[in-house]
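Beneath this line is the structure, given in structure tokens, with notes to follow.
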Amino acid sequence: MFAIILAAAAIACPVEQARYVLRDAPAVTAAFFPVEGGPDWPQRVALKVDTGQGRYWFLPYDGGTSGITRVASTTDVQAPGWKPPHPDGGPRPLGDLEYLAADATWRLIEGAPGRGQPAPAHIFLSELDDRLRHPPGDQPRDSVPRQFFDLAACGAAKPHR
20 MFAIILAAAA
30 IACPVEQARY
40 VLRDAPAVTA
50 AFFPVEGGPD
60 WPQRVALKVD
70 TGQGRYWFLP
80 YDGGTSGITR
90 VASTTDVQAP
100 GWKPPHPDGG
110 PRPLGDLEYL
120 AADATWRLIE
130 GAPGRGQPAP
140 AHIFLSELDD
150 RLRHPPGDQP
160 RDSVPRQFFD
170 LAACGAAKPH
180 R
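The opening position of the sequence shown corresponds to residue 20 in the working numbering, with each subsequent residue numbered one higher.
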């Protein structure tokens, strides 16, 4: 029954309004936000992961012929004057991570999530914990369980300021 409710919620929820909690650590959240990424980032959404210790932003993209969807780490998309990075460079605080998404029946969703598309019921960023525990440069360390983010709510997000 819960899966049916979750499936209905995912169909009715556009990506840019999807809110997630990390299984086994519900204080860790993820949410999509609308952004204007220009021609280099046509999905027009950014994914924010909030661990309680830090906020991390990512831009989803299709990995080309490999068929692997990835998210590119970026700076705070809500900061005044933010501009999307060049696809071949620019600030990438945590580099690029593999992105997996599934619907409520655990079927994998191919392709990068985009504005207006149905929200996935589950998201998995398998490399996230490793990147947070071993960040490049002098960035502070962070950590999250290696687990799925599950769709928990749907609604327009408020800026974090």
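From the three backbone atoms N, C-alpha and C, an ideal C-beta is built for every residue, glycine too.
Ordered along the chain, which non-local residues of its own chain (more than five positions away) have a Cβ less than 6 angstroms from that of residue i?
i: residue 61; result: none
i: residue 96; result: 54, 65 and 76
i: residue 135; result: 33
i: residue 179; result: Annotation note: pLDDT 49 at residue 179 (below 50); position unreliable, coordinate value reported separately. Within the same chain, residue 179 has no close Cβ partners at all.
Rounded to whole angstroms, what is the Cα-Cα separation between residue i and residue j?
i: residue 42; j: residue 171; result: 10 angstroms
i: residue 113; j: residue 31; result: 32 angstroms
i: residue 100; j: residue 94; result: 11 angstroms
i: residue 74; j: residue 67; result: 7 angstroms
i: residue 58; j: residue 152; result: 33 angstroms
i: residue 84; j: residue 117; result: 14 angstroms
i: residue 39; j: residue 120; result: 12 angstroms
i: residue 104; j: residue 56; result: 9 angstroms
i: residue 125; j: residue 163; result: 22 angstroms
i: residue 149; j: residue 102; result: 27 angstroms
i: residue 78; j: residue 169; result: 19 angstroms
On the CB-based measure, 16 or more other CB atoms within 10 Å of its CB, does residue i come out buried or exposed?
i: residue 89; result: buried
i: residue 141; result: buried
i: residue 87; result: exposed
i: residue 70; result: buried
i: residue 92; result: buried
i: residue 46; result: exposed
i: residue 155; result: exposed
Would you list the one or two residues that DSSP bridges to residue i?
i: residue 143; result: 119
i: residue 67; result: 50 and 76
i: residue 173; result: 37
i: residue 44; result: 41
i: residue 137; result: 33
i: residue 92; result: 77
Spatial neighbours of residue i within its chain, please: C-beta separation below 8 angstroms, excluding the five flanking residues on both sides.
i: residue 36; result: 51, 138, 173, 174, 175 and 176
Would you verify that the beta carbon of residue i is, or is not, closer than 8 angstroms to some beta carbon of chain D?
i: residue 68; result: Considering every chain present, this structure includes no chain D. It has just one protein chain.
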